[in-house]
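Working notes for the structure below.
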Amino acid sequence: MKSNKFGFTLSEPRVIDYEANNRQIAEYIFDHEPTFRLCIECGACAATCTAGQFMTFSLRELNVLLKRGENDIPRQRIKNCMFCGKCILVCPRGVNTRGVIFHAREAFRKIEGNERF
Ligand code: SF4
Ligand code: SF4
C-alpha cells in the first residue's frame, strides 16, 4: 500500500490466478450442493447473518473466495456459521446456503484431511 501527502492510498495491483489456485473445495461443493452455482454474490445472506453480527463472517465473501479457489479465509472462518438458516430465507436465488456451508466443511475434512471440520 502506497500513501502520499494527498491523503489517499493506492492499492497494490492484484491478479486472481485461477490456474494457480486450488478449486477442489469449490468443485466438491458444486458436486454435492448444485445450488451453489446459482449464487450471484448479492450479499443478502451476509446482511441478515446471525454470526456476522457477532464476529467476522460473511457467506457472500466465502462464496466468492471459494469459487476463486482462495481457501485460506474460508478455512479460518467457516466454522463461525451457526447453521441457524436465516440466510436461506432471504436468498433471492434459492441457494441452499446451509448445504453449501455443510459441504464446504465436509470438503475441508475429506480433501485436506482436516479433522477440525
Ligand atoms: S443471498 Fe444467495 S445469491 Fe445472495 S450472496 Fe447469499 S447465497 Fe449468494
Ligand atoms: S446459517 Fe450461518 S451463514 Fe446463514 S445466517 Fe445463520 S449463521 Fe449466517
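Position 105 of the sequence shown, counting from 1, maps to 1024 under the numbering used here, and the rest follow consecutively. The beta-carbon is built from N, C-alpha and C at its ideal position, and this holds for glycine as well. Everything numeric in this text was worked out from a predicted model, so none of it was measured.
In the DSSP assignment, PRO993 falls within the alpha helix (DSSP H) that extends over 991 to 996. In this model, GLY971 and THR928 are separated by some 28 Å (Cα to Cα).
Here DSSP, grouped into helix, strand and coil, assigns THR969 to coil. Remark: fewer than three beta-carbon pairs, one from each stretch, lie closer than 8 Å, so the stretch 941 to 949 and the stretch 963 to 980 are not flagged as touching. The stretch 1016 to 1024 and the stretch 982 to 998 touch, with no fewer than 3 CB-CB distances between them shorter than 8 Å. In chain order, VAL1014 and ASN1015 place their CB closer than 6 Å to the CB of THR954, counting only its own chain and leaving out the 5 sequence neighbours on each side. Taking the CA atoms as reference points, PRO1011 sits about 16 Å from GLY1018. Its chain contains ASN940 as the residues whose beta carbon lies nearer than 7 Å to that of GLU989, once the 5 sequence neighbours on both sides are disregarded; these appear in chain order. Taken through DSSP and simplified to helix, strand or coil, THR928 comes out as strand. Distances taken from the Cβ of PHE927 to the heavy atoms of ligand 2 include none shorter than 6 Å.
For the pair GLU960 and LEU981, the Cα-to-Cα distance works out to about 10 Å.
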